[in-house]
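Under this note's numbering, the first residue of the sequence shown carries the number 979, and numbering increases by one thereafter.
Heads up, the beta-carbon is just placed ideally off N, CA and C, and yes, glycines get one too.
Structure first, then comments.
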Amino acid sequence: MSEAIALLVLVASLVAAITRPRWAPDWAVAAGGALVLLAAGVLSFHGVREALSNLGPTVGFLAALLVLADGCRRAGVFDALGAGMALGSSGRSSRLLAMVFLAAAGTTAVLSLDATVVLLTPIVFATAARLRVNPRPHVYACSHLANSASLLLPVSNLTNLLAFRASGLSFPRFAGLMVLPWLVAVLIEWLVLRRAFAGDLRRHATWSIRVERRPLPWFALGVVGLALVGFALGSLISVEPVWVAAAAALALVLRERPRPAEVVRAAEPTFLMFVLGLGLVVQAASQHGLSSAVDSLLPHGTSLATLLAVAAASAVLANLVNNLPATLIVLPVAASSGPGAVLAMLVGVNIGPNLTYVGSLATLLWRRIVHAHDHETDMGEYTRLGLQTVPLALLAATLALWLALQVL
């Protein structure tokens, strides 16, 4: 009965996150569901403390990254990216796609996939409109790279942040092991999207429109660069990355001087509450049989076949229940086999969501942004594109991870 109640609350939280009804916000459903589980005795106080101690630093880190990304927006980083993409395209739609790939892959890796979806995608829309080209290939690139290009760094995705603590790896070693899978995944996305949108990319942009170069906001870029150095050095001397991220976010807040209410909104407190509530719900479900079921299904070890199985299972689960709960469910089992299995799980939950809309929260948010710009997204087209990229990228990135593990 306890397992059934926990799973029911988990399903309700996921449905609220996917459908986002106004009368039942996802954060309220997740947090309320956690309270119901606690009151019913399904979730113990010890389980609450354990989940919060595991999730607390990660959620604080995420909040600091969101404020840092918003500070970059205020400083003009994304406006400069838009102007640079327009100028770099030289009036060719195919070259504009290359510029979008560079911007999206870099933004996702350094400032997280949320920055790519929320901050870069509107800039890509504006750039395509300015050059009078079809935005479809460029906007789809933002969606796909927000997921698959988030393999590189612990800060690139919330799933990475959760896995980073469990992996026991340092920041540089995490990046060293994931750089080859990251490059392979981005290359496959590039090859497939160029072929899928070949007709749109043959059309030239309207280059008679004047595009002004925007000055680079060097202070903001310097802060981001120093933060990355701080993450790498901090992991070597046992300094929690949340403090580095908080210091970088504070530097931009002091520089840009937004109102306190704007800083709070930038941290997205309702999303943070949803993450905490969902973590408690998954903790309850795991304690009452879900973790045992996953443990019995997933293979253990670090062989290539095992890593492929972990990546594939994680990708399937991400498309069934979304990548965040999939990470919370699979992570404890994968961690028992060591960092290799944890990173294989990340390959699955980061690349896999490109198959369906419901695979990641970022994709759902991207879809709403596309609709806000008066464009429609076709589920059939999205799935067809995912079928061309996801299986191949999963296989190639996992193989690249296995090779990196052998070498490093």
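Secondary structure at residue i, three-state DSSP: helix, strand or coil?
i	result
R1110	coil
R1237	coil
W1001	coil
F1175	coil
P1277	coil
H1351	coil
I1307	helix
T1334	coil
A1017	helix
E1190	coil
L1342	helix
M979	coil
N1297	helix
N1135	coil
S1148	coil
L1285	helix
L985	helix
S1270	helix
S991	helix
L1123	helix
E1167	helix
L1230	helix
L1130	coil
V1157	helix
S1090	coil
V1217	coil
S1314	coil
May I ask which residues mark the beginning and end of the alpha helix (DSSP H) holding residue i?
i	result
E1028	1023 to 1053
V1253	1247 to 1263
Y1360	1357 to 1385
V1320	1317 to 1329
G1203	1196 to 1214
Since residue i and residue j are thought to touch, with beta carbons under 8 Å apart, how far apart are those beta carbons, to the nearest angstrom?
i	j	result
V1308	V1272	6 Å
H1122	N1332	5 Å
G1049	V1231	6 Å
G1330	A1293	3 Å
F1252	D1092	Between D1092 and F1252 the Cβ distance is about 13 Å, and since that is not below 8 Å, they are no contact.
A1076	L1059	About 14 Å separates the two Cβ atoms, so there is no contact after all.
A1313	L1372	At roughly 20 Å, the Cβ-Cβ gap does not stay under 8 Å, so A1313 and L1372 are not in contact.
L1016	V1259	Rounded, the Cβ-Cβ distance is 10 Å, inconsistent with contact.
V983	V1020	As written in the sequence, residue 983 is Ile, which differs from the Val given in the question. Between V1020 and I983 the Cβ distance is about 5 Å, and since that is below 8 Å, they are a contact.
A1127	W1168	Contact doesn't hold; Cβ gap of about 11 Å is too wide.
A1090	A1047	The sequence shown places Ser at residue 1090, not Ala. Indeed, because the Cβ distance is near 7 Å, the residues count as touching under 8 Å.
V1026	L1343	About 28 Å separates the two Cβ atoms, so there is no contact after all.
A1227	V1037	Actually they do not touch by this definition, with Cβ atoms about 14 Å apart.
F1175	P1100	Contact flag wrong, Cβ pair sits at about 20 Å.
L985	T1137	At roughly 21 Å, the Cβ-Cβ gap does not stay under 8 Å, so L985 and T1137 are not in contact.
R1235	D1057	18 Å between Cβ atoms; not a contact.
P1310	S1270	So it is not a contact: roughly 11 Å between Cβ atoms.
L1379	L1155	7 Å
L1254	L1043	With a Cβ gap of about 16 Å, L1254 and L1043 do not count as contacting.
A1163	L1129	6 Å
L1065	V1111	With a Cβ gap of about 14 Å, L1065 and V1111 do not count as contacting.
F1039	V1220	4 Å
Buried or exposed: residue i, going by 16 or more other Cβ atoms within 10 Å of its Cβ?
i	result
A996	Ala is not the amino acid found at residue 996; the sequence shown has Ile there. Counting Cβ neighbours within 10 Å, I996 comes out exposed, since fewer than 16 surround it.
T1001	According to the sequence provided, residue 1001 is Trp. The question's Thr does not apply to it. Result: exposed.
G1337	buried
M979	exposed
W1196	exposed
I1166	buried
H1266	buried
M1357	exposed
R998	exposed
A1239	exposed
E1246	buried
F1023	exposed
S1274	exposed
R1346	exposed
R1070	buried
L1363	buried
Is the beta carbon of residue i within less than 7 Å of some heavy atom of the ligand SAH?
i	result
G1337	The ligand SAH is not part of this structure, which contains no ligands at all.
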